[in-house]
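Worksheet for the structure shown next.
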Amino acid sequence: FREVLEYSLAHSLIKSDIHFKYLFLDGSMNMLLSPGQNQPRLASNYLLKDITRKALDKDTCVIAVSKTTTFPFIYRLADDLEQKLGSEKKWFFRVPSPVRDKFMLNILKDRPHIPPSYGVTYLFHFSSEVPILRIDLDEKWWKEKVFDKDKKIEKKNEIQMFKEIDWLARDVRYYGYFFDLAFAHNTTIVKFSERDVVADQLIDYFAENGENPKMFIHPRKRLGLM
-14 FREVLEYSLA HSLIKSDIHF KYLFLDGSMN MLLSPGQNQP RLASNYLLKD
36 ITRKALDKDT CVIAVSKTTT FPFIYRLADD LEQKLGSEKK WFFRVPSPVR
86 DKFMLNILKD RPHIPPSYGV TYLFHFSSEV PILRIDLDEK WWKEKVFDKD
136 KKIEKKNEIQ MFKEIDWLAR DVRYYGYFFD LAFAHNTTIV KFSERDVVAD
186 QLIDYFAENG ENPKMFIHPR KRLGLM
């Protein structure tokens, strides 16, 4: 429910009169898709898709930032890169997609959600004092603003994007994250009692609009485990 709350706050920003180039979210853009379908299964995934679509209309890029503790062999990849570039060199790496690039990393064969559906994933490292981070950004924005058939132009666009991200994150960090992002994340903590109230309100809302309420009840709650 923290995720839903953060998405709601992001949606409010997108609908405001404030214009900004980037909107950062904590986490990833992973979406749970049904086998053989292109539509997500979770309500929060629909909220994320809605945010990215409206952000694109506003010429804003939605970027999800996460640490890479669940990315397999990430530090082996980093070691290989830094042996060639130098340990203090800044670097980024776009994770190939089997759909977009027609190939994938062997270490991700059991991780079909990386890169996520409708998203583009990069790994990057700006300083030895900061962990390797992962960002997911909206695929449509990436295709419009970064991608180019001329790879030299595409690389130039990528470098410009990461220069801007680096500048935004340079002043203050909090456990490796951009400070503003970490602070916002910590202030959206939802207590268990508040979570249950919000959950019941959401379930009632979707039921009133013709949806099956069971789709929005946590599986553990349906089993009586919470």
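The numbering of the sequence shown is this note's numbering, which starts it at -14 and goes up by one. Every residue, glycine too, gets a C-beta built ideally from N, C-alpha and C.
For a cut-off of 8 Å, the C-beta gap from tyrosine -8 to leucine 32 is around 4 Å, short enough to register as a contact. Counting only runs of 4+ residues, the alpha helix (DSSP H) found wholly inside the stretch 36 to 82 occupies 59 to 70, in chain order.
Here the C-alpha atom of aspartate 42 lies approximately 14 Å from the C-alpha atom of tryptophan 127.
The Cβ-Cβ distance between isoleucine 120 and valine 47 does not fall below 8 Å. Measuring C-alpha to C-alpha distances from tyrosine 107 to each of Asp189, Leu62 and Gln68 identifies Leu62 as the nearest.
Rounded to the nearest angstrom, the Cβ distance from valine 131 to glutamate 139 is 6 Å, consistent with a contact under 8 Å. Closest in alpha carbon position to proline 100, among Lys94, Val80 and Phe111, is Val80.
According to the DSSP assignment, aspartate 11 belongs to the beta strand (DSSP E) that extends over 7 to 11.
DSSP lists no beta-bridge partner residue for tyrosine 31. A check of alpha carbon separations from isoleucine 117 across Phe78, Tyr7 and Asp133 identifies Phe78 as the nearest. In the three-state reduction of the DSSP assignment, valine 183 falls in the helix class.
Under the DSSP assignment, glutamate 124 falls in the alpha helix (DSSP H) whose first and last residues are 124 to 130.
Each of Tyr7, Leu8, Lys34 and Lys6 was checked against the Cα of methionine 16, and the nearest Cα belongs to Lys34. Ser102 is the residue among Glu149, Ser102 and Phe191 whose C-alpha sits nearest the C-alpha of threonine 37. Close CB contacts of aspartate 133 within its chain, under the 7 Å cut and outside five residues either way in sequence, are with Glu139 and Asn142 (chain order).
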